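Q: I have a structure here, written as structure tokens, and I will follow up with some questions on it.
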Amino acid sequence: MARKRMFSVSGINIRVHKKGHAAEHYSRMWRLFWEQRRSIKHANTALMIGDIRFEDENNPEAPIYGYLYRFLEIDKDEAWFDIEQHKKADAKDVSQISIPEKLKASLKEIPYFFDIKRHKLYFVRSEMETGVSPWMVLKLIQRLGQDQIVIKELGHVDATILTDQSKLEELYSWQVIKIIDVTIERPNPLDFEDEVEVFKRMQARGVSEEKFGYKKAPDAETITPDKEMKAVVSIGADNGSVHAKGVESDGKPVEISSKDIPRIERAQYNHNISTLMDSFKAFVSQGFKNLHND
11 MARKRMFSVS GINIRVHKKG HAAEHYSRMW RLFWEQRRSI KHANTALMIG DIRFEDENNP
71 EAPIYGYLYR FLEIDKDEAW FDIEQHKKAD AKDVSQISIP EKLKASLKEI PYFFDIKRHK
131 LYFVRSEMET GVSPWMVLKL IQRLGQDQIV IKELGHVDAT ILTDQSKLEE LYSWQVIKII
191 DVTIERPNPL DFEDEVEVFK RMQARGVSEE KFGYKKAPDA ETITPDKEMK AVVSIGADNG
251 SVHAKGVESD GKPVEISSKD IPRIERAQYN HNISTLMDSF KAFVSQGFKN LHND
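Mapping of the sequence shown onto my numbering: position 126 corresponds to residue 136, and the numbering continues sequentially without gaps.
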């Protein structure tokens, strides 16, 4: 029996506000992103949207999927190493290097799945042969959203890495919660009841961001989060940021930030039966339920 391969998935919550939240606006946004043909760079690694495919051309709420392209940006002006001589390469040898600008090395195709209806972008975080970090994808979305054509047509684009809510909720078990700071950017108005209320409130007030700061009173043993505070924390986790400090049951100080705990969903597949793209799409479409492609 062939050994199954593991892969993991992370996601980005994307929000457009100027023209509402109809699915066609997000479809248009993604097409504008793709048409830019722009990449972002981290160290010598670049990332861009490779292609776009529509699950159902006749359904405006149907998902978009395709590949992100990750590749190396080689700086030919940097020092080169002669592996045979085990020393810095001579200028004469370096002058013989000729790589056309249009060619990029070490291409990796990373499956993505854009849930238009819920405005969530999912992608393969890691697999045996490919993957990308959520922070790099976030940087790409933020960069593409700054394009003047996008801003003129759709307004400001907000994006937040989806948080592992279960890890964040561990703060409620701390012996002492000293501080909870929450930043909420205007959320999607169609996802959950609490987010709808926050969106309406922020829209009515004409604000794009809210900040909540909770600090333990000197005479209190700990902050005691109620239902309302927990809702604020949950919304901020995927629509902004959450940062908390406290003390664990063993007396050790503890600190947590939503930015450091991205949501990671894991699955496995048989690459002799199914492609990574097909397995990834099925995993996301089925709500991250376990795959069975024996």
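No residue lacks a Cβ here, since even glycine has one placed at the ideal position from N, Cα and C. Remember, predicted model here, so these are calculated numbers, not experimental data.
Comparing alpha-carbon positions, which option in His-27, Val-167, Gly-223, Pro-263 lies nearest Gly-216?
A: The candidate whose alpha carbon is nearest that of Gly-216 is His-27.
Q: Could you tell me how far apart the beta carbons of Phe-123 and Pro-73 are, in whole angstroms, since I believe they sit closer than 8 Å?
A: Going by Cβ atoms, the distance from Phe-123 to Pro-73 rounds to 6 Å, so yes, they are a contact pair.
Q: Per DSSP, what kind of secondary structure is Gly-297 in: helix, strand or coil?
A: The answer is coil: DSSP assigns Gly-297 none of H, G, I, E or B.
Q: Which ranges does the beta strand (DSSP E) cover as unbroken runs of at least 3 residues, wholly within the region 225-282, from first to last along the chain?
A: Segments of the beta strand (DSSP E) lying fully in the region 225-282: 250-257, 263-267, 275-279.
Q: Which of the three DSSP states is assigned to Asp-85 in this structure?
A: In this structure, Asp-85 counts as coil in the three-state DSSP scheme.
Q: Which residues in the same chain have their Cβ closer than 7 Å to the Cβ of Gly-60, if we skip the five residues on either side of it in sequence?
A: For Gly-60, where only same-chain residues beyond five positions count, the Cβ hits under 7 Å are Gly-76, Tyr-77, Leu-78, Tyr-79, Glu-119.
Q: Could you tell me the alpha carbon to alpha carbon distance between Arg-276 and Ser-289, rounded to whole angstroms?
A: So the two alpha carbons sit approximately 12 Å from each other.
Q: So is Asp-248 buried or exposed if we call it buried at 16+ other beta carbons inside 10 Å?
A: When all chains shown are included, Asp-248 counts as buried.
Q: With distances taken between CB atoms, is the gap from Glu-71 to Ala-33 smaller than 9 Å?
A: Cβ atoms of Glu-71 and Ala-33: closer than 9 Å.
Q: Across the region 231-240 and the region 265-283, are there enough close Cβ pairs to call them in contact, namely three or more that are closer than 8 Å?
A: No, they do not touch.
Q: I need the boundaries of the beta strand (DSSP E) containing His-52, first residue and last residue.
A: His-52 -> beta strand (DSSP E) spans 50-52.
Q: Grab the span of the beta strand (DSSP E) containing Met-138 for me, first residue to last.
A: Where Met-138 is concerned, there is no enclosing beta strand (DSSP E), given that its DSSP letter is neither H nor E.
Q: Can you round the beta-carbon distance between Val-243 and Val-252 to whole angstroms, since I take them to be within the 8 Å contact cut?
A: Indeed they touch by this definition, with Cβ atoms about 5 Å apart.
Q: For the alpha helix (DSSP H) holding Arg-41, just list the boundary residues, first then last.
A: First-last of the alpha helix (DSSP H) with Arg-41: 33-46.
Q: Can you say whether Arg-47 is buried or exposed, counting buried as having 16 or more other CB atoms within 10 angstroms of its CB?
A: Exposed, since its Cβ has fewer than 16 Cβ neighbours within 10 Å.
Q: Over what stretch of residues does the alpha helix (DSSP H) that includes Val-160 continue unbroken?
A: Run containing Val-160: 158-164, per the alpha helix (DSSP H) assignment.
Q: Quick check on Asp-103: does DSSP put it in helix, strand or coil?
A: Helix.
Q: Please classify Leu-150: is it buried, with 16 or more other beta-carbons within 10 angstroms of its beta-carbon, or exposed?
A: Per the 10 Å Cβ criterion, buried.
Q: On a CA-only basis, which of Glu-45, Trp-44, Arg-63, Leu-82 is nearest Ala-56? Give me that one, please.
A: When only C-alpha atoms are compared, the closest one is Leu-82.
Q: Looking at C-alpha atoms only, which residue of Ser-18, Glu-265, Phe-298, Gly-297 is the closest neighbour of Met-138?
A: Per the Cα distances, Ser-18.
Q: May I ask you to report which of helix, strand or coil DSSP gives Ser-176?
A: In the structure shown, Ser-176 sits in a helix (DSSP, three-state: H, G or I).
Q: Is the separation between the beta-carbon of Lys-188 and that of Lys-226 shorter than 9 Å?
A: Against a cut-off of 9 Å, the Cβ pair of Lys-226 and Lys-188 comes out as a contact.
Q: For Met-212, tell me which candidate among Asp-87, Asp-204, Arg-196, Phe-222 has the shortest Cα-Cα distance.
A: Ranking Asp-87, Asp-204, Arg-196, Phe-222 by Cα distance to Met-212 puts Arg-196 first.
Q: The beta strand (DSSP E) spanning Tyr-122 covers which residue range?
A: 115-125 is the extent of the beta strand (DSSP E) around Tyr-122.
Q: Could you check where the beta strand (DSSP E) with Leu-57 kicks off and where it finishes?
A: Its beta strand (DSSP E) spans residues 55-59.
Q: So, with DSSP's three-state summary, where would you put Asp-191?
A: The answer is strand: DSSP assigns Asp-191 an E or B state.
Q: Could you check how far apart the C-beta atoms of Thr-173 and Ser-268 are, in whole angstroms? I think they sit under 8 Å.
A: Sure, about 4 Å apart at Cβ, within 8 Å.
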